[in-house]
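238 is the number that full-length UniProt numbering gives the last residue of the sequence shown; the numbers go up by one with no jumps. Glycine included, every Cβ here is placed at the ideal spot set by N, Cα and C.
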Amino acid sequence: MPQVAPQGVFSRGFNSTAINVTWNPIELIRENIRGRLIGHRIKYWKEDNPEETAVYYLSRTTRNWALIVGLQPDTKYYVKVMAYNNAGEGPESERYLERTYRKAPQKPPSAVHIKGINPTTVHVTWRYVSPSFEEEPIIGYKVRVWEVDQDMSRANDTIIPVGNTLDADIVDLSPGKRYHMRVLAFSNGGDGRMSSPAITFQMGEEKEFKSGSPALYSASTTLLLVMSSTLYIFVAFS
């Protein structure tokens, strides 16, 4: 089993429920490892709890960092790191204390409105989100847009730093295509809650924009608003 403990252990808050732990790589020589290094074991526990309550995270990789998730917001944790091979784990490192960030924004942006600019651009506005004492200060906002026939994991985010106006132009959209949109605030605590319901909108065709005719019709908008919990907007260019 490994004969040396990882040195230079350091951890830093990643968001409200995770910390990133790093350490200096162990020199891979026989005297240190006594075999082949398989990975690392990270031991962590709350500052106010005894070490016997520690939880272990197994990192099956030789990289010198690990992300520990599932933690409590605004809470201090001790961490220790051990290397291991087929024979077992080596000695523990010195412990390091780090705090998770406070909570991410708990309220979503409200009064989200959208307006067509041209066949590939829409303009979005929303209201400010005021964080509570339990939440980290807001860094900015994300306008999340994705095509209707795709999963939200493929969405594109337009990031607006806090302090700027509460609006954004969303560009490079495709004429005639339908999109979903949601807006959220974010901080060091992570991404906040997204505006709800999602706004679903359809871009007008370029030929309609050039002719000066409206892209689609308000009567259809009214019908869809009644029939669906998702907000539908057909974008007519101004």
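Item                                                                                             : Value
A5 versus L58: straight-line alpha-carbon distance, rounded                                      : 16 Å
Pick from E92, P73 and P119 that is closest to F14, judged by C-alpha positions                  : P73
The segment 161-177 in contact with the segment 109-121 per 3-pair CB rule at 8 Å                : yes
Segment contact flag, the segment 106-115 with the segment 58-68, C-beta cutoff 8 Å, min 3 pairs : no
Straight-line gap, E89 to Y77 (C-alpha atoms, nearest Å)                                         : 22 Å
In DSSP terms, what A198 is bridged to                                                           : Answer is none; A198 lacks a bridge partner.
Contact under 7 Å by Cβ, D157 with R144                                                          : yes
Collapsed DSSP secondary structure at residue 245 in the structure displayed                     : With the chain running from 1 to 238 in the structure shown, residue 245 is simply not present.
Those residues which DSSP pairs with D167 across a bridge                                        : T125
S187 vs I138 beta-carbon contact at 7 Å                                                          : yes
DSSP-derived helix/strand/coil call for T17                                                      : coil
According to DSSP, residues forming a beta bridge with S59                                       : H40
Own chain residues within Cβ distance below 8 Å of E205, not counting five before or after       : P119, P175, G176 and A215
Cβ-based burial, L28 [other Cβ within 10 Å; buried from 16]                                      : exposed
CB contact flag (E136, G189, <7 Å)                                                               : yes
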